[in-house]
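Numbering (UniProt numbering), first residue to last: 1 to 223.
One structure below.
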Amino acid sequence: MKVEQAMHAEPQERLDERRDLESSGLDQAADVSDRVKLETDHGAPSNDRSVSDEVQGLSGVELRWIRAHHAFERLKGKIATTPTLRHFDPNRPATVVVYASDWVISAALMQEYDRIYYPINFISRTLKPNEINYDVVKKEMLALLRVLDLNYNLLVGQPIRILTRYSTLARLFKSAGLRGRLGQWAALLSPWTLEIVKCSKGEDEILGTLAASITPDPRSTKL
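And the structure:
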C-alpha cells in the first residue's frame, strides 16, 4: 500500500513543480510588461518592438535572458548607427587623431558633422625594429607625419587640428632649438598650420581598438 502511494505521489510532485515554473514565467512576463509600460508612460524612447511583441511568448523564460535579449537588440541598434566613412569636404575643418602603442602607430583623418566626428580614412602600420624603443611622443609624431604624407593632396594649405593623448607633443612644437631626429621632423612639419590639442576621454578609443587588432612583430615582445 505504501509503495502504491509513493508511486502516485511522484507524478503529483512533478505537476506541482511545473505549475510553479509556469507561474514564475508569467510573473516575469508581467514584470517586463509593467517596466516597459512605465518607461512608455514617462516618455522614454522606444527603440525596440512594441510592448505586445516584447511580452508575447515570454512565459517560462528567465528574466536574465529577457534582459540579455534587450541588451542585444540595443547593441545591434548602436552598431547600425555607427558613423561610417565620408568623403573629404574641403570646406570643413580637418581633424587628425594620432595614437601610438608599443608596436603600432595609428591615425585617423576626421571631419565634424553635427558635433560628431566622422572618419575620412584610417592609417596604421607596425613599427620598425629601430622605432620600437622610441618614446610615445616620437611615435605620435611618426603617426602624424604618415597621415599628412598620405593625405597631402587633401590637407595641403588647410589648418589642421591634431588630437593627441599627451600634452607633451604640443609643448614640443613650441620648443626652440630642437636637434637630431626631432629637429628634422619639426622642419618637415613647419609648413603646416597645426593646432595640437589633448583629446578628451573616449576620442581615441577606436584607434586603440584598431591598434590592438594588429599583430605585433615577434621581436617587440622580447624588448
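Idealized CB from N, CA, C, for every residue including glycine.
Contact check for residue 88 against residue 108 fails: the beta carbons are separated by 7 angstroms or more.
Residue 172 has its alpha-carbon roughly 28 angstroms from the corresponding atom of residue 118. Under a 10 Å Cβ-count criterion, residue 165 is classified as buried, with 16 or more other Cβ atoms of the shown protein chains found around its own Cβ. The three-state secondary structure of residue 73, taken from DSSP, is helix. Taking a contact to require three or more Cβ pairs closer than 8 angstroms, the stretch 127 to 144 and the stretch 97 to 105 qualify as touching.
Per DSSP, reduced to three states, the secondary structure at residue 184 is helical.
The criterion of a C-beta distance shorter than 7 angstroms is satisfied by residue 162 and residue 196.
The C-beta separation of residue 111 from residue 95 comes to about 7 angstroms, placing the pair in contact by the 8 angstroms criterion.
Within the same chain, Cβ atoms closer than 7 angstroms to the Cβ of residue 199 are found at 97, 163, 164 and 165, the five residues on either side in sequence being excluded. Residues of the same chain with a CB within less than 6 angstroms of the CB of residue 144, apart from the 5 flanking positions on each side, are 98 in chain order. The closest CA to that of residue 157, considering only 71, 86, 63 and 90, is found on 90.
The residue from 180, 167, 185 and 136 with its alpha-carbon nearest to that of residue 148 is 185. Runs of the beta strand (DSSP E) spanning 3 or more residues and lying entirely within the stretch 107 to 160 occur at 116 to 126, in chain order. Exposed is the label assigned to residue 71, since fewer than 16 other Cβ atoms lie within 10 Å of its Cβ. Here DSSP, grouped into helix, strand and coil, assigns residue 169 to helix. Separation of the CB atoms of residue 136 and residue 100 is rounded to 5 angstroms, and the pair is thereby assigned contact status at 8 angstroms. By the beta-carbon neighbour count (other beta carbons within 10 angstroms, threshold 16), residue 124 is buried. Apart from sequence neighbours up to five positions away, the residues of its chain that approach residue 146 with a beta-carbon distance below 8 angstroms are 105, 107, 123 and 125, ordered along the chain.
Within the same chain, Cβ atoms closer than 6 angstroms to the Cβ of residue 167 are found at 198, the five residues on either side in sequence being excluded. As the crow flies, the alpha-carbon of residue 155 is around 21 angstroms from that of residue 115.
Taking all protein chains in view, the Cβ of residue 151 is crowded by 16 or more other Cβ atoms within 10 Å, so the residue is classified as buried.
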